[in-house]
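Participant: Below is a structure I'd like to ask you about.
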Amino acid sequence: MPITLINVSNRLPVTVEEDQFTKSSGGLVAALEGLPEEQYKTKWIGWPGAAFPEENRRQEIARKLAEEYGCVAVFLSQEEATGFYEGFSNSSIWPLLHYLPNYLRYEPAWWEYYQNVNRTFATKVLEIVQEGDLVWVHDYQLMLLPAMLRAAAPNLKIGFFLHTPFPAYEIFRCHPRRRELVAGMLGANRIGFHAFGYLRHFCSTVQRLLGIETELTHIPSTGHNTALGVYPIGINAPKFEQTLDSTEFHQRLEEFRLAHEGKRLVVSVERMDYTKGILHRLEAIDNFLDGSDKIDAIRFVFVSVPSREGIEEYQQLVEEVESRVGQLNGKYATLLNSPIHFIHGSIPFVDLCALYALADIGLVTPLIDGMNLVAKEFIACQRENAGVLILSEFAGAAEELFNALLVNPYDSAAVAGILTDALALPTEERRNLILPMRERVMRYDARHWAGSFIDDLMSGPISDARTVENDIREAREQLGQAVSAGKRIALFLDYDGTLREIELDPRAATPNADIVTLLHRLGQQQNVDVTIISGRSQEDLEAFLGGHPFRLIAEHGATVRSPGKKEWERFDRNVDYAWKEELLAILRLYEQATPGSMIEEKHSSIVWHYRKADEEFGAWKANQLTEELSALTANHPIKVRHGKKMVEVTAAENNKGAAVVRVLEQNDNYEIALCAGDDLTDESMFEISSPRLLTIKIGIGPTQARFRVSDPATFRQFLDDAFTG
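Using the numbering used here, you'd call the opening residue of the sequence shown number 1 and step up by one each time.
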């Protein structure tokens with residue numbers, strides 16, 4: 001028996017104008033239509049988009065919406081729509097959610113309309129909801145609705161998703177009805193946000209406004225807990241793929257190609273809204289064109305969809321934008337080109353896809369945006385081309401679209417500079433930037449987003465793992481005395497975080513000049529054997545350090561290259577890795593749920609990296625993943641390691657301690673052996689029981705090592721002093 005999902009939003013997915021019913025094809029509609037029919041039966045409650053004062057007409061529209069579209073209409077008078085939507089929602093809440101308090105306008109009468117309309121929605125939900133149904137409320141227009149429903153139906157399962165940013169407390173506190181709004185949201189069982197920063201700001205605001213102690217995973221409220229989660233919304237990926245395969249698309253693409261022949265195309269698409277940074281972008285274009293000698297070779301295409309035309313600020317914005325576009329075209333036009341092609345209107349979807357596909361640059365620079373699906377749409381259409389996405393760092397999508405060129409939209413000169421750099425990128429580099437992002441965009445689409453939120457709403461809150469306070473200690477030198485005495489010494493040195501500073505991109509962590517000099521000196525020491533022991537693959541170690549006369553141990557001991565040899569020997573030939581496929585599926589779930597994370601597959605292990613994720617959110621998800629994997633593998637010969645910005649799953653037989661013991665057993669003439677590392681994966685070396693072992697931890701954190709130094713640079717100095725002092 002399918003579960004009934006009642007989707008509640010300000011607007012229905014069907015707009016009614018006179019006798020015309022027009023169905024929307026946006027991401028939210030696609031997300032809910034993509035839910036499995038055998039699991040969910042969807043109903044939609046919302047406003048049809050216009051006022052219909054005649055009762056007979058309302059009944060006729062309601063009947064058709066219910067029978068043909070599965071929608072339940074909430075009818076509002078023109079006065080209610082103006083006070084609730086244009087007034088309270090878009091003139092008071094919207095500016096604050098987007099960090100623009102100077103646009104805030106508030107009238108007490110609007111608050112009355114907002115409350116009354118939310119009550120009207122609540123009444124409509126309660127008329128049709130049945131026991132066992134799910135209710136999913138969307139966005140800032142209905143922030144009071146969850147608490148209203150909770151008061152009337154305490155056992156109702158309610159979800160709320162905020163499609164905008166949630167600002168810092170210092171911004172949100174400006175709203176005269178700030179407490180009522182956040183308290184209204186807390187009526188939900190689960191609240192979803194696009195980005196972790198929004199969740200964090202919400203927790204802080206609740207704690208400060210309502211005095212409720214909050215956790216990152218949930219907020220205790222009257223009679224229930226409100227779970228919190230991060231769910232980056234996606235696009236309607238199947239629709240884009242279908243359009244890109246269509247004959248009409250290819251025809252329009254060719255027409256556009258001929259129309260813009262000889263021009264580099266820079267495309268911007270958005271609603272006409274002051275949060276989109278249109279005037280700031282025009283300022284950047286002015287800076288760019290002012291220093292360009294190729295004005296005839298570039299064209300900027302703006303598609304600005306009319307929005308909220310009844311609000312004074314939006315009317316003024318249209319006038320300013322049109323005036324500024326005219327000024328710039330007048331300033332930079334030549335006999336061959338007017339550099340800015342401005343469209344104040346909507347264009348057909350197939351034309352939009354063709355425009356995205358042809359563009360060399362997608363210029364998406366909102367002052368702030370909850371997600372910004374235009375950035376993802378541009379990437380989706382770059383199936384054959386190799387365009388570059390220039391993206392505002394203040395868009396929620398910036399957390400996910402890791403290869404976009406991020407800009408501060410307030411810095412017009414810097415945006416102009418990035419635009420110049422982007423146009424100069426070689427084709428292969430552009431392709432390397434766009435393809436990994438397109439894979440993520442198409443995989444984690446709107447249907448995936450909806451399914452993830454609903455699954456979590458059904459399952460209830462997830463508890464988080466507590467972290468342990470770090471213990472910082474000072475290290476002491478003792479190796480110098482052994483060197484001075486001429487004793488035979490073995491060095492077992494981790495690489496990342498020990499010899500070399502950790503980089504955001506692991507590929508960038510090549511040996512720097514200090515490391516090359518140090519390793520060269522160590523290689524010349526007659527009584528010192530150096531082993532680089534790392535979790536990296538053998539290919540990485542070969543590329544980074546293969547030129548030195550050292551023993552290289554890769555993948556935490558699974559494979560080794562002995563000094564003077566080119567071949568690698570595997571120590572895990574008898575290890576069964578059949579478990580990898582099953583556990584990989586779990587890591588994939590965390591990859592999609594954690595923007596900025598990625599999975600690395602090695603021969604002997606699988607690794608979930610979250611170095612590019614939000615620091616607090618990544619650590620939280622890593623703790624969850626570690627607990628889940630540890631529980632699943634408790635009775636199997638599998639080791640789960642939560643290292644620095646990563647969680648690794650490998651065979652229990654593969655560990656650095658076992659590899660060190662193996663080397664020491666084969667070479668029993670060492671007087672002293674030094675093991676140095678920086679994270680949990682190195683602790684197996686520190687746990688070896690041997691009187692000749694000297695162990696050093698690099699950085700903070702609990703450890704079994706005897707000594708500690710603060711960072712790789714200090715450790716390199718330690719080694720340099722010991723062997724050259």
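Note that the Cβ used here is the ideal one computed from N, Cα and C, for glycine as well. These numbers come from a predicted model, not from an experiment.
Counting Cβ pairs closer than 8 Å, one from the segment 548–562 and one from the segment 652–662, do we hit at least three?
Facilitator: A contact exists between the segment 548–562 and the segment 652–662.
Participant: Taking a contact to mean a Cβ-Cβ separation below 9 Å, would you say GLY70 touches ARG11 in this structure?
Facilitator: Using a Cβ distance threshold of 9 Å, GLY70 and ARG11 do not count as a contacting pair.
Participant: Please name the residue, chosen from HIS224, HIS163, ARG173, that lies closest to LEU199 on a Cα-to-Cα basis.
Facilitator: HIS163
Participant: Let's see if you can read the secondary structure: which residues bound the alpha helix (DSSP H) around THR334?
Facilitator: For THR334, there is no enclosing alpha helix (DSSP H), as DSSP marks it with neither H nor E.
Participant: Leaving out five residues on either side along the sequence, give the residues of the same chain with a beta carbon under 7 Å from the beta carbon of ASP711.
Facilitator: ILE698, GLY699
Participant: Count the other C-beta atoms from every protein chain shown that fall within 10 angstroms of the C-beta of VAL468, then say buried if there are 16 or more, exposed otherwise.
Facilitator: Because VAL468 carries a pLDDT of 24, less than 50, the predicted location of this residue cannot be relied on, and the following value inherits that uncertainty. With fewer than 16 other Cβ atoms within 10 Å, it is exposed.
Participant: Express the C-alpha separation of THR247 and ALA122 in angstroms, rounding to a whole number.
Facilitator: 46 Å
Participant: Between the alpha carbons of ALA395 and SER307, how many angstroms are there, rounded?
Facilitator: 19 Å
Participant: Using three-state DSSP, classify PHE718 as helix, strand or coil.
Facilitator: helix
Participant: Assuming the contact rule is C-beta atoms closer than 8 Å, LEU491 and VAL528 should be a hit. Round their C-beta distance to whole Å, please.
Facilitator: 6 Å
Participant: Does the distance from the C-beta atom of VAL29 to that of PRO13 stay below 9 Å?
Facilitator: yes
Participant: Measuring alpha carbon to alpha carbon, tell me which of ILE638, ALA593, VAL267, LYS644 ends up nearest LYS621.
Facilitator: It is ALA593.
Participant: Using 8 Å as the Cβ pair cut-off and three pairs as the minimum, do the segment 141–148 and the segment 174–190 touch?
Facilitator: Contact holds: three or more Cβ-Cβ distances are below 8 Å.
Participant: Considering only residues of the same chain and omitting the five flanking positions on each side of THR214, which have a CB-CB separation below 7 Å?
Facilitator: CYS203, VAL206, GLN207
Participant: Helix, strand or coil: which one does DSSP assign to SER268?
Facilitator: strand
Participant: Expressed to the nearest angstrom, what Euclidean distance is found between the alpha-carbon atoms of VAL647 and ALA354?
Facilitator: 41 Å
Participant: Does the distance from the C-beta atom of VAL135 to that of ILE6 stay below 9 Å?
Facilitator: yes
Participant: Under the assumption that ASP406 contacts GLU393 (Cβ atoms under 8 Å), give the Cβ distance between them as a whole number of angstroms.
Facilitator: Looking at the sequence provided, one finds Leu at residue 406 rather than Asp. Indeed, because the Cβ distance is near 4 Å, the residues count as touching under 8 Å.
Participant: Report the option in ILE219, PHE686, LEU674, TYR106 whose CA atom is closest to the CA atom of ILE489.
Facilitator: LEU674
Participant: Within its chain, find whatever has a CB closer than 6 Å to the CB of LEU519; leave out the 5 residues flanking it on each side and keep chain order.
Facilitator: HIS548
Participant: With C-beta atoms as the reference, is LEU32 less than 9 Å away from TRP44?
Facilitator: Cβ distance < 9 Å, so LEU32 and TRP44 count as in contact.
Participant: Counting pairs of Cβ atoms below 8 Å between the segment 109–119 and the segment 71–88, do you hit three or more?
Facilitator: yes
Participant: If you measure between the beta carbons of VAL8 and VAL137, is that distance less than 9 Å?
Facilitator: Contact: yes.
Participant: Is DSSP giving ARG726 helix, strand or coil here?
Facilitator: Residue 726 is absent from the structure shown; the chain starts at 1 and stops at 725.
Participant: Could you say which of ILE379, LYS645, ILE311 lies nearest to PRO506 if we only look at CA atoms?
Facilitator: Measuring from the Cα of PRO506, the nearest candidate turns out to be LYS645.
Participant: Which word fits ASP679, buried or exposed, when buried means at least 16 other C-beta atoms lie within 10 angstroms of its C-beta?
Facilitator: buried
Participant: Just verifying my parser: in three-state terms, what is the DSSP assignment at ALA676?
Facilitator: ALA676: strand per DSSP, three-state reduction.
Participant: What does the Cβ neighbour count give for ARG573, buried or exposed, with the cut at 16 atoms within 10 Å?
Facilitator: In the assembly as shown, ARG573 is an exposed residue. Its beta-carbon has fewer than 16 other beta-carbons within 10 Å.
Participant: Rounded to a whole number of angstroms, what is the C-alpha to C-alpha distance between ALA713 and THR510?
Facilitator: 15 Å
Participant: With respect to the alpha helix (DSSP H) encompassing GLU170, which residues constitute its N-terminal and C-terminal limits?
Facilitator: 169–172
Participant: Is it buried or exposed for LEU335, if we count other Cβ within 10 angstroms and need 16 for buried?
Facilitator: Around the C-beta of LEU335, fewer than 16 other C-beta atoms lie within 10 Å, and the residue is accordingly described as exposed.
Participant: Measure how close the beta-carbons of ILE379 and ARG438 come, nearest whole angstrom, since I'm counting them as under 8 Å.
Facilitator: Indeed they touch by this definition, with Cβ atoms about 5 Å apart.
Participant: Output the distance between the C-alpha atoms of THR427 and ARG264, rounded to the nearest integer angstrom.
Facilitator: 13 Å
Participant: Compute the distance between the beta-carbons of ARG551 and TYR495, then report whether it is under 9 Å.
Facilitator: no
Participant: When burial is assigned at 16 or more other CB atoms within 10 Å of the CB, is GLU683 buried or exposed?
Facilitator: buried
Participant: Tell me which same chain residues have a C-beta within less than 6 Å of the C-beta of GLN624, skipping the five on either side of it?
Facilitator: none
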